[in-house]
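Numbering (our numbering), first residue to last: 279 to 662.
Note sheet for the following structure.
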């Protein structure tokens, strides 16, 4: 039996200015200068909770991954941020002798609520230990994934140990809720509450329409199906000869297979590869030049790439897997197609340009952004 509270159905106003349920909130997990979607999500939620009146502090990693499992390049990015909340680097998750430092720092802060960012079993042992030592506050796990896309040794055991320490588990998609019910004991699954991935509140960039450009954005792993999108490009070219695919993101693993596939398909002139980390400052340029963002994923729970696209008023074409469909209103904010199907991807791209749907979709996306803001998620957290 599935149990969850759906924040999208709630329309209650909570009188935060009169009485905050959680006045002092600690976050545990990656935060700036660590880069990536998990770090940004925790940081933005902390700011939103601060904006509704809470005091917040982020307890960060000293180092996030050992070099052995991180595919090259820096794990951090120095970005100037105005009015940044307090961030303290307190421990390294893969060095057990540092875990006590995190416990001590969090206890000294004396929070009413500890929010822990969860997405991989790799971090679960340290999370489980730290959570077990914090006795005087509520503990929420913010779960971006329950079942990881890659296999981890003892991953199932570590996941149960960590999430079993939660008073509540905030899930970002119904797909995560299904995984929670399937993979964890009922007593833990009952603690799941369904939230959402907010859309950053910022003015949409004017999308340049003189070029026909589609975008694949974000970290590139096999499950994200870039090869399927590349196989769709020759079919798209037949109908839209001047189409251009821009691929922007670091490759996790080897990249030679993508270069070879592009050569074999004869589409080199129609594809621009930016196989590197794309900073937040660069993101606007990639999205503002594109009329469609494509997620040809083989599996997924939810994706911050959809939120990024909507922030810039760009529609999304995604495969109907996991929780992606929960963030797309077909015909209004984007398109859904069957997974593992280059023909379906191609047909949707062609339809998008033939129907001249961009402007009407941008209006729908603007409405969507208002419904799913960071403030609404912060209010939801305060109401738990």
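C-beta atoms are modelled at their ideal positions from N, C-alpha and C, and glycine is treated no differently.
Around the CB of residue 429, fewer than 16 other CB atoms lie within 10 Å, so the residue is classed as exposed. Per DSSP, the unbroken beta strand (DSSP E) holding residue 470 starts and ends at 470-472. Contact between the region 430-444 and the region 339-347 is absent, with fewer than three C-beta pairs closer than 8 Å. When DSSP states are grouped into helix, strand and coil, residue 408 belongs to the helix group. If you check the CB distance, residue 452 and residue 604 come in under 7 Å. Proximity of the region 462-474 to the region 488-497 falls short of the contact definition, fewer than three beta-carbon pairs being nearer than 8 Å. For residue 367, the uninterrupted beta strand (DSSP E) segment begins and ends at 364-369. Shown here, residue 304 sits in a strand according to DSSP, grouped into three states. Counting every other CB atom within 10 Å of its CB across the protein chains shown gives residue 397 a total of 16 or more, marking it as buried.
Under the three-state reduction of DSSP, residue 454 is assigned to helix. Between residue 326 and residue 660, the beta carbon gap of about 10 Å keeps them out of contact (Cβ cut-off 8 Å). According to DSSP, residue pairing for residue 336 in a beta bridge involves 305 and 365. As summarised for the region 369-453, the continuous alpha helix (DSSP H) elements at least 4 residues long and confined to that stretch are 377-387, 402-411 and 433-441, given in chain order. Scanning 399, 440 and 422 for the CA closest to the CA of residue 471 turns up 422. Using a Cβ-Cβ distance cut-off of 8 Å, the region 384-397 and the region 295-311 are in contact, since at least three pairs of beta carbons, one from each stretch, lie closer than that value. Where residue 516 is concerned, the enclosing alpha helix (DSSP H) starts and stops at 504-517. Taking 8 Å as the upper bound for CB-CB distance, residue 495 and residue 526 are in contact here, some 5 Å apart. A straight-line Cα-Cα distance of about 24 Å links residue 412 and residue 655.
For residue 499, the closest alpha carbon among the candidates 576, 440 and 509 is that of 576. By the Cβ-count criterion, residue 618 is exposed, with fewer than 16 other Cβ atoms from all chains shown falling within 10 Å of its own Cβ.
The count of Cβ pairs closer than 8 Å, one atom from the region 517-537 and one from the region 499-509, reaches three, so the stretches are in contact. Sorting 662, 580, 611 and 544 by C-alpha distance to the C-alpha of residue 600 places 580 at the top. Comparing alpha carbon positions, the residue from 455, 476, 478 and 475 closest to residue 469 is 455. Beta-bridge partners of residue 552 (DSSP): 526. Contact between residue 627 and residue 595 holds: CB atoms are separated by about 7 Å, below the 8 Å threshold. Residue pairing of residue 597 in beta bridges, as defined by DSSP: 615. In the structure shown, residue 500 falls within a helical segment according to DSSP collapsed to helix, strand and coil. For the alpha helix (DSSP H) assignment, the uninterrupted runs of no fewer than 4 residues enclosed by the region 530-580 are, from N- to C-terminal side, 534-543 and 558-566.
Per DSSP, reduced to three states, the secondary structure at residue 319 is helical. Look at residue 344 here: in three-state DSSP terms it is coil, with no helix or strand label.
About 6 Å separates the Cβ atoms of residue 518 and residue 631, confirming a contact at the 8 Å cut-off. If you check the CB distance, residue 324 and residue 340 do not come in under 7 Å. In the DSSP annotation of this structure, residue 494 is not part of any alpha helix (DSSP H); the continuous beta strand (DSSP E) holding it starts and ends at 491-495. Judged by DSSP secondary structure, residue 630 falls within the alpha helix (DSSP H) whose first and last residues are 620-632. Non-local beta-carbon contacts of residue 515 in its own chain, meaning distances under 8 Å to residues more than five positions away in sequence, involve 521, 545 and 548 in chain order. The Cβ neighbour count for residue 377, taken over all protein chains shown within 10 Å, is at least 16; the residue is labelled buried.
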